[in-house]
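Using the numbering used here, the first residue of the sequence shown is number -8, and each one after it goes up by one.
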Amino acid sequence: MSFSPENLLEILRGLPAAPRYWVAFSGGLDSTVLLHALTENKTVLPGQLRAAHVNHHIHRDAAHWQTHCERLCASLGVPLESQSVEVRPAKGESLEAAAREERYRALESLLQPGDMLLTAQHADDQLETFLLQALRGAGVRGLAAMPLTAPFGGGLLARPLLAFTREELETWARGRKLARIEDPSNADRSLDRNYLRHEVLLLLKARWPSAAATVGRSARHAAEAAEMLKAMAAEDWSHHGPGETLPVAALERLPEPRARNLVRYWLELRGLPLPPSHKLAELLRQAGAAEDRNPCVDWEGAEVRRFGGQLYAQRPLPPSPGEFLLKPGVVRDLGEGLGALQLVPVAGEGIRAALCGREGLRVAFRSGGESCRPAGKAHARPLKKWLQEMHVVPWLRDRLPLIYSEGAGPELLAVAGLFACEPHLAAPGEAGLRIEWLGHPPLN
């Protein structure tokens, strides 16, 4: 199937209808072809056609590129939203990866429920992605490369040009004499994708002209296999969920490939990045370590710990925040992975509101020697003993927010996420403060 606006429309008709179709428009060849072809069909699209341009402010001509996109969309009668982002790569992250993340975040912010974002990746992009993933040792999900559609924000991301090659798009653009932007970074052969495009694929396609189409089929086969593995993992998880932790016993009952599959599924449920292969192997090995050990396996953006026969997955925890004062109605962020803390005025619940001074309650963290009597308990004991009895995970015991009155008094009023202390509970009908620890990691 060669490229034409009519064939593009047939692909879109096979997708869910949308109230708005947003073209991710860079001004380059691919997105220019996509936008022009859709403009020819905009009267028969189920929804409104719009375009979005993201200015990363990386290249010196970025402002010129934005102006080009604005003028072209105005000439086509297509409303354009220009978004400006600031790209700050994290440690170890490439500029290209950081820019891509910021770009998709900006595009996602534009979508309303049911909208569709159309991006211009084509069959040659799919071939490049497949080969890059294979060279990195990816599994079936990596080899599935780019799907035709994927959930995105409140709507859908679609890649309707995957059925067409770069050459077909170039031929159509020349026939229409379409003006487009040439990004000089696309010629930088120090980048893996560009090296593959300019040095390798020319030779590959000279020998196998249909490489893009045949590898595209392989990507679809890999996608099917990935879906089956996901279904198998969901079935394995259903025997142990719902819950945030993964029982070590569940992994020990499975063959190792299936155990790895379950771990990946569980980490995805937790919204965490997947580990490289050697880290996943180390995780499974450490899961079977001696009972008296609490091992931790970490990688970029995640860590998995074992305690009491369970695996706990989370973002790497920051150090305990320093001591601070907290007023009712204020939400205090404790750092990534630790959630946030707030005091909610209530009646007959929580600690007595009268204990809160003008500046709020004092929030501190364990330094040793704390003692208290949790509500309903007959005697006071060291906090350390209560935390052991409640099976609080060791790595959070020094990160539990401890609530005191504003002054320097040593008496503990409550431990966020666990209990309030006697005799500081609000009586029935008395003004109280409920301590809410929002988004905290599993405590026990």
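Cβ coordinates follow ideal geometry from the N, Cα and C atoms, glycine included. Note that the structure is predicted; figures quoted are calculated from it, not measured.
For Met107, DSSP records a beta bridge to Tyr12 and Leu147. In the DSSP secondary-structure assignment, Ser75 is bridged to Asn46. When only Cα atoms are considered, Glu1 and Glu31 end up about 13 Å apart. Of all C-beta pairs linking the stretch 263 to 277 to the stretch 389 to 409, fewer than three are shorter than 8 Å, placing the two stretches out of contact.
For Val191, there is no enclosing beta strand (DSSP E), as DSSP gives it neither H nor E.
Here the C-alpha atom of Gly18 lies approximately 11 Å from the C-alpha atom of Ala53. By the Cβ rule, the stretch 326 to 341 counts as touching the stretch 416 to 433, because three or more pairs are nearer than 8 Å.
A Cβ-Cβ distance of about 21 Å is found for the pair His212 and Leu152, leaving them out of contact under the 8 Å criterion. Ala125 and Leu134 have their C-alpha atoms roughly 7 Å apart. Residue pairing from DSSP places Ser362 in a beta bridge opposite Pro373. Per DSSP, the beta-bridge partners of Arg296 are Cys287 and Tyr303.
In the displayed model, Asp227 falls within a helix according to three-state DSSP.
Cβ-Cβ distances below 6 Å link Lys318 to Gly351 in the same chain, with the five nearest sequence neighbours on each side left out; the list follows chain order. By the Cβ test, the stretch 339 to 351 is in contact with the stretch 411 to 418, since at least three Cβ pairs between them sit closer than 8 Å. Judged by DSSP secondary structure, Leu123 falls within the alpha helix (DSSP H) whose first and last residues are Ala114 to Leu126.
For the options Leu194, Gln301 and Leu182, the alpha carbon positioned closest to that of Thr236 is the one of Gln301. Under the three-state reduction of DSSP, Pro70 is assigned to coil, being neither helix nor strand. For Ala331, the enclosing beta strand (DSSP E) has its first and last residue at Ala331 to Ala338. Residue state for Asp324 is assigned as strand, using DSSP reduced to three classes. Of the residues Leu182, Glu218, Arg91 and Tyr95, the one whose Cα lies closest to the Cα of Pro138 is Glu218.
Only buried fits Trp163, as 16 or more other CB atoms lie within 10 angstroms of its CB. Remark: C-beta atoms of Glu77 and Val45 do not approach each other more closely than 9 Å. When C-beta atoms of the stretch 158 to 176 are compared with those of the stretch 5 to 22, three or more pairs fall below 8 Å, so the two segments count as touching. Close CB contacts of Val206 within its chain, under the 8 Å cut and outside five residues either way in sequence, are with Gln117, Leu118, Phe121 and Leu122 (chain order). Segment contact: the stretch 306 to 323 against the stretch 243 to 260, fewer than three CB-CB distances shorter than 8 Å; contact not assigned. Nearest C-alpha to Pro10 among Leu3, Leu101, Arg4 and Pro37: Pro37. Annotation for Trp428: the continuous beta strand (DSSP E) segment containing it runs Ala422 to Leu429.
In the three-state reduction of the DSSP assignment, Arg132 falls in the helix class, which pools H, G and I. Exposed is the label assigned to His230, since fewer than 16 other Cβ atoms lie within 10 Å of its Cβ.
Residue burial is scored here from C-beta neighbours: Arg390 has at least 16 other C-beta atoms within 10 angstroms and is therefore classed as buried. One alpha carbon belongs to Ala202, the other to Phe(-6), and they sit about 17 Å apart. According to the DSSP assignment, Arg353 belongs to the beta strand (DSSP E) that extends over Leu352 to Ala355. Using a Cβ distance threshold of 9 Å, Pro432 and Gly328 count as a contacting pair. Check the Cα spacing between Asp115 and each of Ala129, Phe155, Arg150 and Leu101: the tightest is with Phe155. In the three-state reduction of the DSSP assignment, Pro175 falls in the helix class.
Counted as a single uninterrupted DSSP element, the stretch harbouring Leu316 is not any alpha helix (DSSP H) but the beta strand (DSSP E) occupying residues Phe315 to Leu317.
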